[in-house]
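Reviewing the structure listed below.
In structure tokens form, the structure reads like this:
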């Protein structure tokens, strides 16, 4: 499987199915079929040969950024042919890694490669989670989004990932580059969702939807933030349901719980297929 110039391969005893998704929509994936019940699945990652890729995983950077294997442990439950796999909790950072593609002008594309389970089946997903420039002055490093999808209100690439172990190595590497490189300040992309007078009530725009957590954020035209989970999605095809950033959706909000900043929803439909 190839996505964003990255090649993802599996061991011979695992069958890699037909790909789904599109790079321009932010993700590409494929189903994995295993003939037996392995204790782990290995994803072999080969970034593009050009550029300067950085692979970060479990708090460290890969020694060889030209090839790296993500080995994800599996557990099996049930009996016979009905046995289904389970993965470690995503917070343990064992079922994903990030490949950061770095250009000479310090423009990065962060592609998150993960192993996920939907309906008892295994899938590999490559999801673009950020694109933008890195700049640094006086020891301060800033991230400037180059695409509207990564410029939603409150988006702060460094703040989002600062508590994740893998990001420590990434930010250390990038900070060193900003100290040794002098570049012009680029113009940041703007968050400008396309509204439609014919839209029904409770319309929002997807800021992100992450394959690993099976959850995301939608922002209403009035600034209201809605928490979206995979089980809320309606009218979205495919076993791995992901709504691309900037997708206009119709939400059915529920009462917000005390102490929570986001409003839960009963359902979330793409606006162009709302029923």
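Residue numbers (the numbering used here): 467 to 741. Where is the CB? At the ideal position from N, CA and C, for every residue including glycine.
Spatially closest choice to residue i from the options, by CA coordinates
| i | options | result |
| --- | --- | --- |
| residue 499 | 583, 672, 573, 537 | 583 |
| residue 552 | 543, 559, 560 | 543 |
| residue 483 | 738, 694, 646, 495 | 495 |
| residue 652 | 503, 638, 608 | 608 |
| residue 615 | 603, 575, 696, 646 | 575 |
| residue 618 | 597, 646, 726 | 597 |
| residue 638 | 675, 493, 522, 697 | 522 |
| residue 503 | 486, 519, 545 | 545 |
Residue i (DSSP reduced to helix, strand or coil)
| i | result |
| --- | --- |
| residue 491 | helix |
| residue 684 | strand |
| residue 629 | coil |
| residue 738 | helix |
| residue 552 | strand |
| residue 545 | coil |
Same chain, Cβ closer than 6 angstroms to residue i, neighbours up to 5 away in sequence not counted
| i | result |
| --- | --- |
| residue 510 | 475, 535 |
| residue 633 | 627 |
| residue 678 | 556, 562, 580 |
| residue 473 | 512 |
Whole-Å CB distance - residue i paired with residue j, under 8 angstroms assumed
| i | j | result |
| --- | --- | --- |
| residue 689 | residue 736 | Incorrect: roughly 21 angstroms between the Cβ atoms, too far for contact. |
| residue 734 | residue 683 | Not really, about 11 angstroms apart at Cβ, beyond 8 angstroms. |
| residue 610 | residue 624 | The Cβ separation is near 11 angstroms, so there is no contact. |
| residue 694 | residue 731 | 6 angstroms |
| residue 672 | residue 709 | 5 angstroms |
Sequence-distant residues of the same chain with beta carbon closer than 8 angstroms to residue i, five excluded per side
| i | result |
| --- | --- |
| residue 506 | 537, 538, 539, 540 |
| residue 723 | 730 |
| residue 720 | 729, 730, 731, 732 |
Own chain residues within Cβ distance below 7 angstroms of residue i, not counting five before or after
| i | result |
| --- | --- |
| residue 565 | 472, 511, 513, 519, 521, 577, 579 |
Is there contact between the segment 658-677 and the segment 714-727, where contact requires at least three CB pairs shorter than 8 angstroms? With contact defined as three or more Cβ pairs closer than 8 angstroms, the segment 658-677 and the segment 714-727 are in contact.
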